[in-house]
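Every letter in the sequence shown is one number past the one before it in the numbering used here, and letter 224, counting from 1, is 224.
For every residue, glycine included, the Cβ atom is placed at its ideal position computed from N, Cα and C.
Report on the following structure.
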Amino acid sequence: MRAFGEVWRSNIFQKWVMAITGLLLFLFLIGHLSGNLLIFLGPEHMNEYGHSLRTMVHGAAIWLVRGGLLLVFVLHVWSAIRLSQRNRSARPERYAKVDSRTSTIASRSMALSGLLMLVYAIYHLAHFTWGTAHAQFYAGQKGWEYTLADGIVVPDVYRMVIASFHEPLITAVYILAMILLGLHLNHAIASAFQTLGVTNKRIVPVIRLVGPLLGIGVAIGFCSVPLSIIAGLVH
Ligand code: HEM
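In structure tokens form, the structure reads like this:
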């Protein structure tokens, strides 16, 4: 039991927790982005997708995913807090040498961009999932139903997204959040692989190139939705 406690509190275990949960969150983002991009195919595709997510396995699948996502998110934030507390406590650790090449603005601002992403996530859920922020655009309100081709009536998520991003202030907040997300992921992906022990001399340069590209690509993908709506390309 004591040995377990020691492992649980160890620096390396917490770094692993942060890396694995971070990569799982990134997988969620890829899935979420794929769903969001359906907006370019029109309301039928996007609303059908939302409906199938909500009704898969008699509605149980979405709750399983939500539970898993919450657990992963909490572990990610918890390990980040523990590690930054430890870094701040002035105890110098021989192996925690700072590599000036990787100590970029992004890496140094990870804690701040992570904290702001947490604030964004709460705002985002209040906006699109709970309907408490910008309730006038909430898909679950009366009169905002959409009838799918097979006759099933569902909340009009497509209309909710379009109406929301016609508001320049909402669009600005989202774009700002996506810039922060890009900044966070720019450093996070390569760093996670490094923590997990990927040190092969041939693979490391590839990860250092592909990690930031993937991170920034995902952020640009998310931005494409509000930007296309505000530019009038999707309506
Ligand atoms: C421009 C960017 C984004 C747009 C347009 C967007 C859009 C949406 C929409 C429309 C929903 C509700 C889906 C439904 O009820 O059917 C949703 C839910 C959600 N989004 Fe996003 N999203 C964006 C970025 C993000 C980011 C960066 C994250 C992660 C930090 C995120 C995390 C979530 C989560 C956790 C849910 C709740 C899923 C659930 O349990 O129902 N989203 N998003």
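Put residue i into one of helix, strand or coil per three-state DSSP.
i    : result
Y138 : coil
T147 : strand
Y95  : Only weak support exists for where Y95 lies, its pLDDT of 47 falling under 50; the coordinates are left without a value.
F222 : helix
V72  : helix
V198 : coil
V65  : helix
V173 : helix
V7   : helix
V154 : strand
H235 : coil
R101 : Because the pLDDT of R101 is 49, which lies under 50, any placement of that residue in the model is unreliable, and the number read from its coordinates should be weighed accordingly. DSSP places R101 in coil when its eight states are reduced to three.
W16  : helix
Pick from the options: whose alpha carbon is nearest that of residue i?
i    : options              : result
T171 : L115, C223, H51      : C223
Y158 : G197, R9, S84, E48   : E48
V234 : A163, S89, P168      : A163
I189 : V218, W16, H45, G211 : G211
L69  : L23, M56, G42, H51   : L23
How should residue i be labelled, buried or exposed, when 16 other C-beta atoms within 10 angstroms of its C-beta is the threshold for buried?
i    : result
N87  : exposed
S84  : exposed
L213 : exposed
S191 : buried
L181 : buried
G215 : buried
L71  : exposed
F193 : buried
Q14  : buried
G114 : buried
F4   : exposed
Could you check if residue i belongs to the surroundings of ligand 2, using beta carbon to heavy atom distance under 7 Å?
i    : result
V157 : As far as ligands go, the structure on display features ligand 1 and does not contain ligand 2.
(message) Quick check: the segment 136-144 against the segment 21-39, are at least 3 beta-carbon pairs closer than 8 Å?
(response) Cβ pair count under 8 Å is below three, so no.
(request) Tell me, please, whether the segment 7-15 touches the segment 124-136 by the rule of three or more beta-carbon pairs shorter than 8 Å. (result) The way I'd put it, the segment 7-15 doesn't touch the segment 124-136; fewer than three beta-carbon pairs between them come closer than 8 Å.
(request) Would you check if there are 3 or more beta carbon pairs closer than 8 Å linking the segment 193-206 to the segment 141-155? (result) No: fewer than three Cβ pairs fall under 8 Å.
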